[in-house]
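What follows is one structure encoded as C-alpha cells, with my remarks underneath.
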Amino acid sequence: METKSRYEVLAQLEAKKRELMVGKSNIDQVVRGKEREIKELKRELEDKEEDMEDFKSRINEEKENFDALIQSVDDSLKRFTSQSQKK
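Here the sequence shown is numbered in the numbering used here, starting from 18 and rising by one per residue.
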C-alpha cells in the first residue's frame, strides 16, 4: 500500500477542488446559455406574432379589395342589364 505525503494529499485535494469549481462554472455557463436561447426564442415569437398581425391586416385589405371589385362588377352588370332592357 502506497502512503502519500501530506503535500501530495493536499495537492490532490486542491486539484480536485479546482476541477469541481470548473465543473460548477461550466454549469453556470450552460444555464446562461439556455436563458439566452429562451430570450432569443421569445424575441422570435414576438416577431412571428407581429408578422401574423401584419398578415391578417393585409388579408383583410385584400378581402375589402375583392368586395369592392365584386361590387363594381355587380354595378356594371346592373347598368348593362338596365340599358339592354331599355332598348
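Every residue gets a Cβ at the ideal spot worked out from N, C-alpha and C, and that includes glycine.
For clarity, every value in this text was computed on a predicted model and none was experimentally measured.
Delimiting residues of the alpha helix (DSSP H) encompassing Thr98: 23-103
is_contact[Met38, chain B] using C-beta, thresh 8 Å: Here chain B cannot be found, since the structure has a single protein chain.
Asn43 Cβ short of 7 Å to the ligand SAM heavy atom set: Summarising the ligand content, the structure contains no ligands, and the ligand SAM is consequently not present.
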